[in-house]
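Undergrad:
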Amino acid sequence: DTGVSQNPRHKITKRGQNVTFRCDPISEHNRLYWYRQTLGQGPEFLTYFQNEAQLEKSRLLSDRFSAERPKGSFSTLEIQRTEQGDSAMYLCASSPGLAGGPGETQYFGPGTRLLVL
Amino acid sequence: AQSVTQPDIHITVSEGASLELRCNYSYGATPYLFWYVQSPGQGLQLLLKYFSGDTLVQGIKGFEAEFKRSQSSFNLRKPSVHWSDAAEYFCAVGPSPYSGAGSYQLTFGKGTKLSVIP
């Protein structure tokens, strides 16, 4: 079990550019989550997937954000036309997805830190 | 809507001293409560969790937390702090897996930064 991995770990981009982040969950975890953490704040929920289905999206996920999990394994988060306000740490988490069970602990990756200039 | 309040933004303790970090939550049903720790520039590591049963839960690194429904609190404690405990601590609440809420998002507090004096 290698844990949740995220790439890249750091990304610097210019305002208006598109960026894409990748998350590889713990093997055989069915649920995958994206959170955003700004300086001095706790993580804020963005969206989550059950296998390949995106089942919940936060109001924070504007039209410029899109997330996919095409084969129910890794996920990508794309931000189009980045703005300075998008600068944050983007965290990915996964959980087993056991229906009705106590196993819904979310295990977090190291995050991708985005800086928009 | 669910919410979490961590009243202390920053706490400083001496190494070897006891520690208590406060967490109050607001949630309309049976909550699922967590404490995570985050070192600078890193992701979150789970310390402990509560979803039912014994209201005193034990976690990793010698931490424990007590769920008090009447006070809507889930405070984190450690009897003797080590210098390596210096980090930021986040309390989080989510719906119980048994609640049938259909949502699995966690709501986090703003965190408490712990500094340890050698």
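Chains as they are written, first to last, in the working numbering: chain A, 50 to 166; chain B, 202 to 319. Ideal Cβ placement from N, Cα and C applies to all residues, glycine included.
Check each residue of the stretch 106-133 of chain A: if its Cβ is closer than 9 Å to any Cβ of chain B, include it; give the result in chain order.
TA: From the stretch 106-133 of chain A, only Ser-107 have a Cβ closer than 9 Å to chain B.
Undergrad: Taking all protein chains shown into account, do 16 or more other C-beta atoms lie within 10 angstroms of the C-beta of Cys-141 of chain A, making it buried, or fewer, making it exposed?
TA: The residue in question, Cys-141 of chain A, is buried, as its Cβ has 16 or more Cβ neighbours within 10 Å.
Undergrad: If I measure Cβ to Cβ from Pro-119 of chain A and keep anything under 7 Å in the same chain, skipping five residues before and after, which residues do I get?
TA: Once the five neighbours on either side are set aside, the close Cβ partners of Pro-119 of chain A are Glu-101.
Undergrad: Let's test the definition: count the other Cβ atoms within 10 Å of the Cβ of His-78 of chain A and tell me whether it reaches 16, buried, or not, exposed.
TA: His-78 of chain A should be labelled buried.
Undergrad: Compute the Euclidean distance between the alpha carbons of Ala-218 of chain B and Gly-229 of chain B, then round it to the nearest angstrom.
TA: Distance between the alpha carbons of Ala-218 of chain B and Gly-229 of chain B is about 36 Å.
Undergrad: Using a beta-carbon distance below 8 Å, is Gly-229 of chain B in contact with chain A?
TA: No, Gly-229 of chain B does not count as interfacial toward chain A.
Undergrad: Could you name the residues of the same chain whose beta carbon sits closer than 6 Å to that of Gly-295 of chain B, not counting the 5 residues immediately before and after it, in chain order?
TA: Excluding sequence neighbours, Gly-295 of chain B sits near Tyr-233, Leu-307.
Undergrad: Thinking Thr-131 of chain A and Thr-62 of chain A are a contact (beta carbons under 8 Å), I'd like their distance in whole angstroms, please.
TA: That pair is a contact at about 6 Å.
Undergrad: Would you kindly work out how many angstroms separate the C-alpha atoms of Pro-145 of chain A and Val-214 of chain B, rounded to a whole number?
TA: C-alpha separation (whole angstroms): 37 Å.
Undergrad: Whose C-alpha, out of A:Ser-136, A:Leu-166, A:Thr-154, is nearest the C-alpha of Gln-86 of chain A?
TA: Considering only alpha carbons, the answer is A:Ser-136.
Undergrad: For the stretch 243-256 of chain B, list every residue whose C-beta sits within 9 Å of some C-beta in chain A, in sequence order.
TA: Those residues of the stretch 243-256 of chain B that come within reach of chain A (Cβ to Cβ, closer than 9 Å) are Gln-243, Gly-244, Leu-245, Gln-246, Leu-247, Lys-250, Phe-252, Ser-253.
Undergrad: Can you tell me where the beta strand (DSSP E) holding Glu-71 of chain A begins and where it ends?
TA: The sequence as given places Arg at residue 71 of chain A; Glu does not occur at that position. It spans 68-73 - the beta strand (DSSP E) in which Arg-71 of chain A sits, taken as one unbroken run.
Undergrad: Should Tyr-305 of chain B be flagged as near chain A, meaning a C-beta pair shorter than 8 Å?
TA: At least one chain A Cβ lies under 8 Å of Tyr-305 of chain B.
Undergrad: For Arg-278 of chain B, which residues of its own chain have a beta-carbon under 6 Å away from its beta-carbon, when the five flanking residues on both sides are left out?
TA: The answer, listed in chain order, is Glu-221, Glu-265.
Undergrad: Please compile the residues from chain B whose C-beta is within a distance smaller than 8 Å of the C-beta of Thr-87 of chain A.
TA: Near Thr-87 of chain A there are no residues of chain B at all, since even the closest Cβ is about 10 Å away, more than 8 Å.
Undergrad: Tell me which residues of the stretch 61-94 of chain A have at least one Cβ-Cβ distance to chain B shorter than 9 Å, keeping chain order.
TA: For the stretch 61-94 of chain A, which is checked against every Cβ of chain B, the residues closer than 9 Å are Arg-80, Tyr-82, Tyr-84, Gln-86, Gly-89, Gln-90, Gly-91, Pro-92, Glu-93, Phe-94.
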